[in-house]
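Everything on this sheet refers to the single structure shown next.
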Amino acid sequence: MAKKEKFYTVWKGHNPGIYTSWKDCKAAISNYKGAQYKSFTTFEAAKKAFNGNYDDYKGKKTNKPMPSKALLQKIGQPNYHSISVDAASSGNPGIMEYRGVDTKTKKELFKQGPFKQGTNNIGEFLALVHGLAFLKQQNSDRIIYTDSKTAMSWVRKKNCNSKLTETPENKEVFDLVRRAISWLQKNTYQTTIVKWETKAWGEIPADFGRK
14 MAKKEKFYTV WKGHNPGIYT SWKDCKAAIS NYKGAQYKSF TTFEAAKKAF NGNYDDYKGK
74 KTNKPMPSKA LLQKIGQPNY HSISVDAASS GNPGIMEYRG VDTKTKKELF KQGPFKQGTN
134 NIGEFLALVH GLAFLKQQNS DRIIYTDSKT AMSWVRKKNC NSKLTETPEN KEVFDLVRRA
194 ISWLQKNTYQ TTIVKWETKA WGEIPADFGR K
């Protein structure tokens, strides 16, 4: 079997750039304190990363297999007349934040956090409700994407079924949860909530890049 081609992005090294062999990449980072580098499966991805920030790619899997044409044909393309929401939590519980972005441009539309002692599921739930309220306020007919089935279920049930215990440290998180539940109970909305197809489309545009 032929060896898969890889491209190496070096943000910090003796000679930053994009390399097509590990040998050349290694020479560019060897004995360089604080070297920043990562491998990619396509030149386009490596170039995009080089023009971006290392912190956005650090610790994130970038060599995932490409989806099959059959899967893409079955699922189709994302609807870009939409917004996307996501959350990130460093620990469970841990420091949590969430945001919503324009699906096509990735322009940030809202962001909340960081909050102490939150969970990713709670963040996904809050992001989804915030997105619904945002679109209703804008009188927008855009759909909303989330990659969390849990958040979709909680919104459907108008309740947050987290097992997290409320403490003085995370009171702010629970205040937001109570506010979100109250909004769901008191408001109606026409917005369609759609599951983001990560396997076909990659990470949701609102992703914080910390996986």
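Residue numbers (the working numbering): 14 to 224.
We put the beta carbon where it would ideally sit given N, CA and C, even for glycine.
The structure presented is a predicted model; accordingly, all values stated were derived computationally and were not measured.
Given a cut-off of 8 Å, decide if residue j and residue i are closer than it, judged by their beta-carbon atoms.
i, j, result
"residue 65", "residue 41", "no"
"residue 111", "residue 139", "yes"
"residue 197", "residue 176", "no"
"residue 190", "residue 109", "no"
"residue 50", "residue 21", "yes"
"residue 137", "residue 159", "yes"
"residue 132", "residue 106", "yes"
"residue 134", "residue 163", "yes"
Put residue i into one of helix, strand or coil per three-state DSSP.
i, result
"residue 67", "helix"
"residue 122", "strand"
"residue 144", "helix"
"residue 128", "strand"
"residue 107", "strand"
"residue 208", "strand"
"residue 178", "coil"
"residue 163", "helix"
"residue 14", "Residue confidence is low: residue 14 scores 40 on pLDDT, short of 50, so the model does not pin down where it sits. No coordinate-derived value is stated."
"residue 194", "helix"
"residue 88", "helix"
Check each candidate in the options and name the one with the smallest Cα separation from residue i.
i, options, result
"residue 99", "36, 46 and 114", "114"
"residue 169", "62, 124 and 204", "204"
"residue 57", "37, 32, 44 and 48", "32"
"residue 63", "88, 30, 37 and 151", "30"
"residue 150", "215, 202, 55 and 37", "202"
"residue 123", "35, 167 and 96", "96"
"residue 103", "43, 120 and 129", "129"
"residue 194", "45, 215, 211 and 174", "174"
"residue 167", "142, 87, 210 and 154", "142"
Would you list the one or two residues that DSSP bridges to residue i?
i, result
"residue 21", "32 and 52"
"residue 98", "113"
"residue 158", "97 and 207"
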